[in-house]
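A quick write-up on the structure given underneath.
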Amino acid sequence: MPGKPLTITEQARRAQLIGVTIDLIARHGYTGTSLIRIAEGAGISKAAVLYHYPSKDAVVRAAYDSVLEDLTTRVAAAVEAASGAAAVEAYIRSLTGYLTEHPTHTRMIVEAIGSAPTVDDLPNAPSRQQSVAALIAAARDAGDYRPDIDPDATAVIMNGALDAIVSQNLTAPDFDTARAAEYLIDLLRRSLR
């Protein structure tokens, strides 16, 4: 029944299914994860999974949304605690830090964006570019960056560099993402001030 509040048991089961789905997608990819595999991972039947989510894509979407909410909450808290260029740097550090600390979440995001039909987000989504451009414009307007800086172009370049850092970390787990993030920050300081 739509709108009916979930019981504590239902909330716990859904949280378990989301956790299992994140781990399975990270290990086996979207195509290698099935409802049966999710059910086995949770120690329940496929019918029990379908009680909570109507399809594989629905549970994958719920898992993706959970990961994205966790990521954006952390990044937003870091950005809101700073201003100007410090907010841009907080964005870089918190984003790369979160994704490094949560490799299964990173793989979940990448797999869902690339494969799940219910996830229509794109790495170059206008909303992502606009939010980063707004941070850069605020830093420029605060006098932290030169007045001739183009926030939109800088956001595209910065997001591309961040995507490359994350991608490198996925293929080479020993890659020092914190060092790479600091290097990117140094490049921005040198080129934007």
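Residue numbers (my numbering): 15 to 207.
Quick reminder that beta carbons are idealized off the backbone N, C-alpha and C, glycines included.
On a predicted model such as this, the values are computed, not experimentally measured, just so you know.
*Start and end of the alpha helix (DSSP H) containing residue 140?*
140-155
*Would residue 27 pass as a contact of residue 38 if the rule is Cβ separation under 9 Å?*
no
*Which of helix, strand or coil DSSP assigns to residue 108*: helix
*the segment 98-110 in contact with the segment 121-136 per 3-pair CB rule at 8 Å*: no
*From 44, 151, 89, residue whose alpha carbon lies closest to that of residue 72*: 44
_Tell me which residue opens and which closes the alpha helix (DSSP H) that residue 47 is part of._
From DSSP, residue 47 is part of no alpha helix (DSSP H); its letter is neither H nor E.
_Burial state of residue 18, where buried means 16 or more other Cβ atoms lie within 10 Å_ = exposed
_Do residue 158 and residue 204 have their beta-carbon atoms positioned less than 9 Å apart in this structure?_
no
*Assumed close pair residue 175, residue 198 - CB separation to whole angstroms, cut-off 8 Å*: 5 Å
*Kindly list the residues whose CB is nearer than 8 Å to the CB of residue 152, restricted to its own chain and excluding five residues on each side of it in sequence; keep chain order.*
97, 98, 101
*Whole-angstrom C-beta distance between residue 76 and residue 32, which should lie under 8 Å*: 6 Å
*Could you tell me the distance, in whole angstroms, from the CA atom of residue 167 to the CA atom of residue 173?*
10 Å
_Given this structure, state the Cα-to-Cα distance separating residue 86 from residue 61, to the nearest angstrom._
32 Å
*asked:* Among the candidates 103, 181, 113, 187, whose CA atom is the shortest distance from the CA of residue 201?
replied: 103
*In or out: residue 147 buried (at least 16 other Cβ within 10 Å) or exposed?*
buried
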